[in-house]
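For the numbering used here, count along the sequence shown from 1 and bump the result up by 951.
Taking it in order: structure first as C-alpha coordinates, then the write-up.
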Amino acid sequence: IVASMKNVFGKEPKVYARTRNGRIAFTIRLSSKEVVKFLQTVNDFSSRDCNVPWNYLKTIETKRGFLSGLFDSEGTVRKGKLEVNLSSINLQGLVDVQKLLKEFGIESSIGKDGKFYRLYIFGYYNLSHFINEIFQFSL
952 IVASMKNVFG KEPKVYARTR NGRIAFTIRL SSKEVVKFLQ TVNDFSSRDC
1002 NVPWNYLKTI ETKRGFLSGL FDSEGTVRKG KLEVNLSSIN LQGLVDVQKL
1052 LKEFGIESSI GKDGKFYRLY IFGYYNLSHF INEIFQFSL
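Now the structure itself:
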(Lines of atoms letter the chains of each structure in order from A and count residues from 1; the text may use other names and numbers.)
(Lines give C-alpha, C1' and ligand atoms only; values in the text may rest on other atoms or scores of the structure.)
Protein backbone atom coordinates (compact mmCIF):
# COMPACT_ATOMS: atom_id res chain seq x y z
CA ILE A 1 0.00 0.00 0.00
CA VAL A 2 2.81 2.41 0.88
CA ALA A 3 4.56 1.75 -2.44
CA SER A 4 1.27 2.20 -4.31
CA MET A 5 0.60 5.52 -2.57
CA LYS A 6 4.10 6.73 -3.36
CA ASN A 7 3.72 5.60 -6.96
CA VAL A 8 0.33 7.27 -7.43
CA PHE A 9 0.86 10.50 -5.48
CA GLY A 10 4.65 10.90 -5.72
CA LYS A 11 5.07 11.28 -1.95
CA GLU A 12 6.16 8.88 0.77
CA PRO A 13 3.35 8.37 3.31
CA LYS A 14 4.04 8.18 7.05
CA VAL A 15 3.33 4.85 8.70
CA TYR A 16 2.38 4.56 12.36
CA ALA A 17 2.04 1.30 14.29
CA ARG A 18 0.16 0.77 17.54
CA THR A 19 -0.83 -2.21 19.62
CA ARG A 20 -4.46 -2.66 20.55
CA ASN A 21 -5.87 -5.69 22.33
CA GLY A 22 -2.65 -7.57 21.61
CA ARG A 23 -2.85 -6.88 17.88
CA ILE A 24 -0.76 -4.49 15.83
CA ALA A 25 -2.68 -1.89 13.81
CA PHE A 26 -1.11 0.37 11.22
CA THR A 27 -2.15 3.84 10.15
CA ILE A 28 -0.87 5.26 6.89
CA ARG A 29 -1.02 9.03 6.52
CA LEU A 30 -0.45 11.10 3.40
CA SER A 31 -1.52 14.73 3.11
CA SER A 32 -1.50 16.46 -0.25
CA LYS A 33 -3.77 18.19 -2.76
CA GLU A 34 -3.48 15.14 -5.02
CA VAL A 35 -4.92 12.90 -2.28
CA VAL A 36 -7.86 15.28 -1.83
CA LYS A 37 -8.49 15.33 -5.60
CA PHE A 38 -8.30 11.54 -5.70
CA LEU A 39 -10.78 11.13 -2.85
CA GLN A 40 -13.15 13.56 -4.53
CA THR A 41 -13.15 11.38 -7.66
CA VAL A 42 -13.69 8.15 -5.76
CA ASN A 43 -16.70 9.33 -3.73
CA ASP A 44 -18.53 6.96 -1.44
CA PHE A 45 -18.66 3.45 -2.91
CA SER A 46 -22.19 3.04 -1.56
CA SER A 47 -23.26 5.94 -3.79
CA ARG A 48 -24.91 5.34 -7.16
CA ASP A 49 -22.45 7.80 -8.70
CA CYS A 50 -19.22 6.20 -7.47
CA ASN A 51 -16.95 4.49 -9.95
CA VAL A 52 -13.54 2.86 -9.99
CA PRO A 53 -10.86 5.57 -10.42
CA TRP A 54 -9.35 4.04 -13.58
CA ASN A 55 -7.12 7.08 -14.24
CA TYR A 56 -5.21 6.35 -11.00
CA LEU A 57 -4.98 2.59 -11.47
CA LYS A 58 -2.08 2.42 -13.91
CA THR A 59 0.04 -0.32 -12.33
CA ILE A 60 -0.66 -3.74 -10.89
CA GLU A 61 0.42 -2.40 -7.47
CA THR A 62 -2.11 0.44 -7.50
CA LYS A 63 -4.85 -1.93 -8.64
CA ARG A 64 -3.92 -4.36 -5.86
CA GLY A 65 -3.86 -1.51 -3.33
CA PHE A 66 -7.27 -0.26 -4.42
CA LEU A 67 -8.86 -3.72 -4.20
CA SER A 68 -7.14 -4.48 -0.91
CA GLY A 69 -8.37 -1.25 0.66
CA LEU A 70 -11.87 -1.62 -0.77
CA PHE A 71 -12.36 -5.19 0.46
CA ASP A 72 -10.63 -4.48 3.77
CA SER A 73 -13.04 -1.65 4.53
CA GLU A 74 -16.22 -2.71 2.70
CA GLY A 75 -15.95 -6.45 2.15
CA THR A 76 -17.63 -9.17 4.18
CA VAL A 77 -16.60 -12.76 4.89
CA ARG A 78 -19.58 -15.06 5.33
CA LYS A 79 -19.27 -17.10 8.49
CA GLY A 80 -19.41 -20.82 7.80
CA LYS A 81 -19.10 -20.38 4.03
CA LEU A 82 -16.17 -20.08 1.66
CA GLU A 83 -17.28 -16.67 0.42
CA VAL A 84 -16.20 -13.03 0.38
CA ASN A 85 -18.66 -10.42 -0.82
CA LEU A 86 -18.93 -6.73 -1.46
CA SER A 87 -22.29 -4.92 -1.37
CA SER A 88 -23.26 -1.70 -3.08
CA ILE A 89 -26.25 0.13 -4.44
CA ASN A 90 -24.04 0.86 -7.47
CA LEU A 91 -24.15 -1.98 -10.00
CA GLN A 92 -21.66 -0.35 -12.40
CA GLY A 93 -19.16 0.10 -9.55
CA LEU A 94 -19.34 -3.63 -8.80
CA VAL A 95 -18.99 -4.48 -12.50
CA ASP A 96 -15.81 -2.36 -12.55
CA VAL A 97 -14.48 -4.13 -9.43
CA GLN A 98 -15.28 -7.45 -11.12
CA LYS A 99 -13.15 -6.36 -14.13
CA LEU A 100 -10.25 -5.52 -11.81
CA LEU A 101 -10.51 -8.88 -10.06
CA LYS A 102 -10.48 -10.63 -13.44
CA GLU A 103 -7.14 -8.96 -14.21
CA PHE A 104 -5.77 -10.96 -11.25
CA GLY A 105 -7.43 -14.17 -12.49
CA ILE A 106 -10.16 -14.03 -9.84
CA GLU A 107 -13.65 -15.01 -10.96
CA SER A 108 -16.67 -13.47 -9.24
CA SER A 109 -20.38 -13.12 -9.74
CA ILE A 110 -22.86 -10.33 -9.08
CA GLY A 111 -26.39 -10.78 -7.80
CA LYS A 112 -29.19 -8.61 -6.46
CA ASP A 113 -30.09 -8.73 -2.78
CA GLY A 114 -33.07 -6.48 -2.07
CA LYS A 115 -32.11 -2.95 -3.09
CA PHE A 116 -28.39 -3.79 -3.06
CA TYR A 117 -26.14 -5.65 -5.44
CA ARG A 118 -23.51 -8.09 -4.18
CA LEU A 119 -20.30 -9.18 -5.78
CA TYR A 120 -19.40 -12.70 -4.62
CA ILE A 121 -16.01 -14.41 -4.64
CA PHE A 122 -16.38 -18.09 -3.77
CA GLY A 123 -14.73 -21.44 -4.25
CA TYR A 124 -11.35 -22.48 -2.92
CA TYR A 125 -9.36 -21.50 -6.04
CA ASN A 126 -10.84 -18.00 -6.32
CA LEU A 127 -10.63 -17.30 -2.58
CA SER A 128 -7.06 -18.55 -2.24
CA HIS A 129 -6.09 -16.60 -5.35
CA PHE A 130 -7.84 -13.51 -3.92
CA ILE A 131 -5.92 -13.80 -0.64
CA ASN A 132 -2.60 -14.52 -2.38
CA GLU A 133 -2.90 -11.87 -5.10
CA ILE A 134 -4.76 -9.02 -3.41
CA PHE A 135 -3.69 -9.33 0.21
CA GLN A 136 -0.48 -11.21 -0.63
CA PHE A 137 -0.85 -13.85 2.07
CA SER A 138 -0.36 -17.55 1.49
CA LEU A 139 -2.90 -20.18 2.51
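C-beta atoms are modelled at their ideal positions from N, C-alpha and C, and glycine is treated no differently.
Between residue 1085 and residue 980 a beta carbon distance of about 23 angstroms is seen, past the 8 angstroms cut, so the two are scored as non-contacting. For residue 1039, the uninterrupted beta strand (DSSP E) segment begins and ends at 1034-1039. The alpha-carbon of residue 968 is positioned some 19 angstroms away from that of residue 1019. 1062 is the residue among 1062, 959 and 965 whose C-alpha sits nearest the C-alpha of residue 1041. For the pair residue 1067 and residue 1038, the CB atoms are nearer than the 8 angstroms cut-off. The three-state reading of DSSP puts residue 957 in helix, counting H, G and I together.
Per DSSP, residue 979 is one residue of the beta strand (DSSP E) stretching across 974-980. Nearest Cα to residue 1051 within the set 1064, 1003, 960 and 1023: 1003. In this chain, the alpha helix (DSSP H) harbouring residue 1044 covers 1042-1054. The bridge partners DSSP lists for residue 1073 are 1034. Distances from the alpha-carbon of residue 956 to those of 1049, 989, 972 and 974 put 989 closest.
Under the three-state reduction of DSSP output, residue 1057 falls in the coil class, being neither helix nor strand. Secondary structure of residue 988 (DSSP, three-state): helix.
Residue 1015 sits in a helix when the DSSP states are folded into three classes.
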